[in-house]
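J.:
Protein chains: 2
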Amino acid sequence: MGGTADSVDRSTVHASHQASPLGPYLLFLGDTVEPGYAKTAFGLRDWAPERCIGELVLPGGTVSTGLERLSSEEAHAKGARALLIGVASPGGVIPPQWLPAMLDALRSGLDIVSGMHSRLSDIPELAFAAEAHGRRLVDVRVPPANIPIGTGAKRSGKRLLTVGTDCALGKKYTALSVTRGLQARGLDATFRATGQTGIMIAGAGIPIDAVVSDFLAGAAETLSPAADENHIDVIEGQGSLFHPGYAAVSLGLLHGSQPDMFIVCHEPGRTHVLGYPDVRLPTIEEVILQTVALGKLTNPAIRCVGVSVNTASYTDEQAQRLIAAESDRLGLPVADPLRGGPAFDQLLDRCQG
Amino acid sequence: MGGTADSVDRSTVHASHQASPLGPYLLFLGDTVEPGYAKTAFGLRDWAPERCIGELVLPGGTVSTGLERLSSEEAHAKGARALLIGVASPGGVIPPQWLPAMLDALRSGLDIVSGMHSRLSDIPELAFAAEAHGRRLVDVRVPPANIPIGTGAKRSGKRLLTVGTDCALGKKYTALSVTRGLQARGLDATFRATGQTGIMIAGAGIPIDAVVSDFLAGAAETLSPAADENHIDVIEGQGSLFHPGYAAVSLGLLHGSQPDMFIVCHEPGRTHVLGYPDVRLPTIEEVILQTVALGKLTNPAIRCVGVSVNTASYTDEQAQRLIAAESDRLGLPVADPLRGGPAFDQLLDRCQG
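Those protein sequence lines, which keep their order, are chains A and B. Mapping the first sequence onto our numbering, position 349 (from 1) lands on 349, and the numbers just tick up by one. Mapping the second sequence onto our numbering, position 150 (from 1) lands on 150, and the numbers just tick up by one.
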């Protein structure tokens, strides 16, 4: 172990060490007719409306975000600075019929931002045009080069990490909701993105699961640098300490984030790890104990400030009942951030310090 | 998270998915005059003598392994199949004066095996000559492509992992010694290498700390595949669960290895994590408890079979006394594998099942 992350491709611009944040965006929907493929565009519209100027749909496309339809030139005139690929294509490659619109975007002064599997800079026409027009091709799946090894040294400022009983149950949206809730209270809070959708929403971040193992904790340290004592970084969690495939990602992120506070995210009713029918889901209590046991290595003051439950499949009344019961049982604030209300206010109270 | 490790460079041959194991070796010492730079060559001579045919020293070089001095052609005639770069150079790059000998090795039918920072395949002359002569350029720092995500599924066969209170205190040599000890007893045991020196010694393996985080556990699963019920894989550990920079690597390796048994490696007298003067070293007991607590996710039957102490700086008598005292205190076999003796025999007894 040692050295720097030199096996990472340096030819592609990445989302963290940006001279300036990504966007504002023109959301690109291509010629898709399947709303399920446009999850990224919908996520951006919902979570970063202030960074979305409009949408660009190609002939034949039927999916819309409801935002104003603009050409790249019109969008640039209205303040857009990047075309964001908001739609997935089967196979994760850029279809040839998208290329003319992407080249036009570069000509119009827009960067291109993508979370697709194939890299923008691997398409020679795009690489050439970006160079010619002085624009950036940003692949948010690519981590920065030259990430240092984690030091474990204490940094100034406060940090909150969302952790989970599993993958895919609301760690990103909890972190976003808490960030906004704290900001609405006049606090100095920053959302720190660790996955591609989060990076697009924030306009910056590090795709933590794409970092070479040796540099995981160091990447998390880089992501939330030293700050003012009253500043709160709210860090998007990944995976789970009890996940047979991804626990290492969660641990590196925990150690590097050295959070003062964490929120456990959970989906009531889920009994097994997603995609692992033989692996029992840990309880919320197990996750709290394990997160404290492991997190204290880099922050002995780490504490759980509450639980975020994903009650998307519940009625309002069912959700209220569940939230009250869980809060009683655990002796902690429990809330569904997407429902807000007094329960979420109590959770935010704890996050203030 | 998901997909395959496609951000890994595929242009370089790596040490695992080899059609055939690496070597036997001709050890290349270059023109070095500093024995400290030749640690790799000495390690190979000491730990894989049966794979070392001779040494190649350039004019001006004064360091020797004591093996027979051979040209590439002579070594090939005696059974060598790879020139192993056994010496480090300042900066980790191949000095130009080494190139003629390396090209001659390829012409003589030898592969080239390197653990240096700069990649062999990035040197056009070498890439061209390897292609022309049908030889391999093997960079042992480069992990294989297409590593799957960890499944956590139980595999047949037995597994033993060496873990540690820290980095750099004998996990590799303990695993090698235990493998040989078991083999000497007629057991079917295989050393599984996870670092570059180990990979050179074994002729195969995966440099686990160079694997992209998402695929860490999957890489460890690939490293020790399903085997006969009585077969024992002895897996080289990395880092420590209490290391602020590398704990994630240790956890991914632990989860993917799903060991039935582990040995805790420790250097008596070390009080702080190497290079981290502010981080207290965990106790052996803490490492045992943590390894069981985390390892049981993928193997509920995980158990500690003993402790390996590195007593290199002790006299024989001091070492015997320390080993007896630690064994009494912990109620476990404690041995320095490099000293052997009855204590090591007791440790091996436990490793048999």
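Virtual Cβ for every residue (Gly too), placed ideally from N, Cα, C.
Short of 8 Å in beta carbon distance, which residues of its chain neighbour residue 244 of chain A, apart from the five on each side in sequence? Order them along the chain.
T.: Take residue 244 of chain A, set aside five residues on each side of it, and the residues of its chain with a beta-carbon closer than 8 Å to its own are 273, 276, 279, in chain order.
J.: If contact means a Cβ-Cβ distance below 8 Å, which residues of the region 166-181 of chain B contact chain A?
T.: 167
J.: Is the Cβ of residue 17 of chain A closer than 8 Å to any Cβ of chain B?
T.: The pLDDT assigned to residue 17 of chain A is 42, lower than 50, so where the model puts this residue is not dependable; a value taken from the coordinates is nonetheless given after this. The beta carbon of residue 17 of chain A does not come within 8 Å of any beta carbon belonging to chain B, so the residue lies off that interface.
J.: Does any residue of chain B have a CB that is nearer than 8 Å to the CB of residue 216 of chain A?
T.: yes
J.: Since residue 149 of chain B meets chain A, which of its residues come closer than 7 Å, beta carbon to beta carbon?
T.: 245
J.: Can the beta-carbon of residue 26 of chain B be found closer than 8 Å to that of residue 54 of chain B?
T.: yes
J.: Against chain B, does residue 209 of chain A count as a neighbour if the rule is that its beta carbon must be under 8 Å from one of theirs?
T.: yes
J.: What residues in the region 273-292 of chain B have a beta carbon less than 7 Å from any beta carbon of chain A?
T.: 276, 279
J.: Taking the alpha-carbon of residue 206 of chain B as reference, which of B:151, B:40, B:142 has the nearest alpha-carbon?
T.: B:142
J.: Under 8 Å, Cβ to Cβ, is there at least one residue of chain B near residue 62 of chain A?
T.: no
J.: Give me the chain A residues within the contact set of residue 152 of chain B, using Cβ-Cβ distance strictly less than 8 Å, ordered along the chain.
T.: 244, 245, 276, 278, 279
J.: Counting only Cβ pairs nearer than 9 Å, list the residues of chain A close to residue 255 of chain B.
T.: Simply 243, 244, 245, 247, 248.
J.: In angstroms with no decimal places, state the Cα-to-Cα distance between residue 215 of chain B and residue 246 of chain A.
T.: 8 Å
J.: State the start and end residues of the unbroken alpha helix (DSSP H) segment that holds residue 221 of chain A.
T.: 216-223
J.: Of the residues A:294, A:228, A:30, which one's Cα is nearest the Cα of residue 96 of chain A?
T.: Ranking the options by Cα distance to residue 96 of chain A, first place goes to A:30.
J.: I need the straight-line Cα distance from residue 152 of chain A to residue 335 of chain A, nearest angstrom please.
T.: 32 Å
J.: Could you tell me which residues DSSP pairs with residue 114 of chain B in its beta bridges?
T.: B:139
J.: Closer than 6 Å by C-beta to residue 266 of chain B: which residues in its own chain qualify, once you throw out the five before and the five after it? Chain order, please.
T.: 165, 284, 309
J.: Using alpha carbons as the reference points, say which of B:248, B:115, B:148 lies closest to residue 253 of chain A.
T.: B:248
J.: Taking 8 Å as the threshold, find out whether the region 256-264 of chain B comes into contact with the region 299-315 of chain B through three or more Cβ pairs.
T.: Under the Cβ criterion (8 Å, minimum of three pairs), the region 256-264 of chain B counts as touching the region 299-315 of chain B.
J.: Give the secondary structure of residue 34 of chain A by DSSP, where H, G and I count as helix, E and B as strand, and everything else as coil.
T.: coil
J.: I believe residue 159 of chain A touches residue 133 of chain A by the beta-carbon criterion, under 8 Å. Please report the beta-carbon distance rounded to the nearest angstrom.
T.: Residue 159 of chain A to residue 133 of chain A, Cβ: 39 Å. No contact.
J.: Please confirm whether residue 184 of chain B and residue 193 of chain B have their CB atoms less than 8 Å apart.
T.: no
J.: Can you list the residues of chain B that residue 298 of chain A reaches, using a CB-CB cut of under 8 Å?
T.: 244
J.: Roughly how far, in whole angstroms, is the beta-carbon of residue 218 of chain B from the beta-carbon of residue 150 of chain B, given that I think they are within contact range, below 8 Å?
T.: 4 Å
J.: What in chain B is Cβ-close to residue 252 of chain A, meaning under 7 Å?
T.: Those within 7 Å of residue 252 of chain A in chain B are 213, 248.
J.: I'd like to check one pair, residue 311 of chain A with residue 197 of chain A: are the Cβ atoms closer than 8 Å?
T.: no
J.: Apart from the five residues on each side of it in sequence, which residues of its chain come closer than 6 Å, Cβ to Cβ, to residue 88 of chain B?
T.: 37
J.: Are residue 82 of chain A and residue 126 of chain A closer than 8 Å when you measure CB to CB?
T.: no
J.: Taking the CB atoms as reference points, tell me whether residue 24 of chain A and residue 80 of chain A lie closer together than 8 Å.
T.: yes
J.: Do the CB positions of residue 163 of chain A and residue 264 of chain A come within less than 8 Å of each other?
T.: With contacts defined by Cβ atoms closer than 8 Å, residue 163 of chain A and residue 264 of chain A form a contacting pair.
J.: List the residues that DSSP assigns as beta-bridge partners of residue 28 of chain A.
T.: Looking at the DSSP output, residue 28 of chain A bridges to A:56, A:85.
J.: By DSSP, does residue 166 of chain A sit in helix, in strand, or in coil?
T.: coil
J.: Taking the CB atoms as reference points, tell me whether residue 242 of chain B and residue 289 of chain A lie closer together than 8 Å.
T.: no
J.: Considering only DSSP beta bridges, list what residue 172 of chain B is partnered with.
T.: Looking at the DSSP assignment, residue 172 of chain B forms no beta bridge with any residue, so it has no partner.
J.: Where does the unbroken alpha helix (DSSP H) through residue 305 of chain B begin, and where does it stop?
T.: First-last for residue 305 of chain B: 303-309, but that is the beta strand (DSSP E), not the alpha helix (DSSP H).
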